[in-house]
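In what follows, a single structure is set out as structure tokens and then discussed.
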Amino acid sequence: MHGLRHIKDVENAWRNYETTAFVYIPNPQEYSLRPNKGVIAGTENVYMISAHHQLHCLKKLQLGHVAAVMGDSNYTMAKEHAEHCFDYLRQAILCAGDSTLEGVDPGTPGLLQGYGARHTCRLWNGPEGLDTWRQMHCAGEGLGCHD
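Residue numbering for the sequence shown follows the numbering used here, beginning at 23 and increasing consecutively.
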């Protein structure tokens, strides 16, 4: 994790996340899913990975926050989309909240930012990682399917 002292690293991390991740599942019943059509025009059995949907929402809210702080009126996000994202993230935290106990951060006496605590994370990269699985099941070009 990055602390506020590494804000450029945080900005770069946001730029590098693929937040649109549609996957094609040829046999949705194997995942206890119902077949679908029309998630993306002309497709069937296309789904989005929740973690990527969460990152999409967080990234949109982060971009809106930065735009507001910088006084940039060019970035717009529909109120309904923002409300959806806040509620979706609330539900995600309630569903899979990280129960790591956090103390005062090393090097920042009195501040409790969550950095420095040891978290047990889900594997994201590598052969067994969620992102590798996403790339193997990509729904098509332009739908979050690059390395």
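Glycine residues also receive a C-beta, built at the ideal position from the N, C-alpha and C atoms.
- Message: Please state the DSSP three-state secondary structure of E33.
- Response: Start at 1 with the first residue of the sequence shown, and residue 33 comes out as number 11. Reduced to three states, the DSSP call for E33 is helix.
- Sheet register partners of C79 (DSSP bridge): The residue you call residue 79 lines up with position 57 of the sequence shown. Paired residue(s): none; C79 is not in a bridge.
- Query: Hey, out of T130, G136, A35 and P131, whose CA is closest to L123's CA?
  - Reply: On the sequence shown, residue 123 is found 101 positions in, with the first residue counted as 1. Of T130, G136, A35 and P131, the residue nearest in Cα terms is G136.
- Message: Looking only at its chain, what residues have a beta carbon closer than 6 Å to the beta carbon of E33, apart from the 5 residues adjacent to it on each side?
- Response: Your numbering for residue 33 matches position 11 in the sequence shown. Closer than 6 Å at Cβ, skipping near neighbours: no residue.
- Query: Can Y97 and A104 be called in contact, C-beta distance under 9 Å?
  - Reply: For the purposes of this step, residue 97 is taken as the residue at position 75 of the sequence shown. For the purposes of this step, residue 104 is taken as the residue at position 82 of the sequence shown. Taking 9 Å as the Cβ cut-off, Y97 and A104 do not qualify as a contacting pair.
- Task: Note down, one range per segment and in chain order, each beta strand (DSSP E) of at least 3 residues found wholly within the region 71-131.
- Result: none
- CB Y46 to CB V68, shorter than 9 Å? Taking the first residue of the sequence shown as position 1, residue 46 is located at position 24. Taking the first residue of the sequence shown as position 1, residue 68 is located at position 46. Yes, Cβ-Cβ distance for Y46 and V68 is below 9 Å.
- Message: Is it buried or exposed, C79, if we count other Cβ atoms within 10 angstroms and call 16 or more buried?
- Response: Position 57 of the sequence shown holds residue 79. Per the 10 Å Cβ criterion, buried.
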